[in-house]
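Worksheet: the structure to be examined is printed underneath.
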Amino acid sequence: MNLSSLTDPIFIAKIVDFALLIAAIVFLYQAKGKAWLTSAQEAQNKAVEDAQAQRAANEQAVNTARRAIDQAKLDAARMVEVGKAQADRLVVDEIAQAKEHAARILAHASGELERERYRVRRELLEETVERATNTARDLVKRDLTPGAQNELVERVIDGLEAARA
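Be aware that the sequence shown starts at 411, since it is given in my numbering, and climbs by one per residue.
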């Protein structure tokens, strides 16, 4: 290699410029860049920590939500069981009330039926007595002469006196 090119003033100027550039870069790095990079790294680390904390909080929230869902499922199943038991009790109660009501209606209907039978019997009896009385009256008017009437009255009076004695 040729050493004369190392003594060339342009080459030396370029090396000095390069050294000054490196010195300026090192100075800027030391003065500003290092602090900026450190703060950027700390900000990045803080963002990572915040993200990890948020992830942990989200995982905790998911676990809490899962437990709440499981509890809600248990509560729903229990509520369905309680509702079914209440419905069964209501059905049994309604059936019992319906049977009681039917028994009351049947008893009332039986009473009404007995009253109606009694009324019909009484009407038939009254009608029969009235017909018999009318028939007897017609027979007496037609067949009973004054002499037979006197004889009948005498027999009735004798029967009454005999019954008294």
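Beta carbons: idealized from backbone N, C-alpha and C, even for Gly.
Distance, Cα to Cα, residue i vs residue j?
i: residue 565; j: residue 572; result: 10 Å
i: residue 507; j: residue 490; result: 25 Å
i: residue 442; j: residue 465; result: 34 Å
i: residue 509; j: residue 521; result: 18 Å
i: residue 502; j: residue 492; result: 15 Å
i: residue 570; j: residue 531; result: 32 Å
i: residue 446; j: residue 440; result: 10 Å
i: residue 454; j: residue 460; result: 10 Å
i: residue 546; j: residue 559; result: 14 Å
i: residue 548; j: residue 541; result: 10 Å
Subject >> Minimum length 4: unbroken alpha helix (DSSP H) runs contained in the stretch 414–467 >> reply: 419–438
**OP:** Kindly provide the ranges of any alpha helix (DSSP H) runs that are 4 or more residues long and lie completely inside the stretch 502–574, ordered along the chain.
**Re:** 556–574
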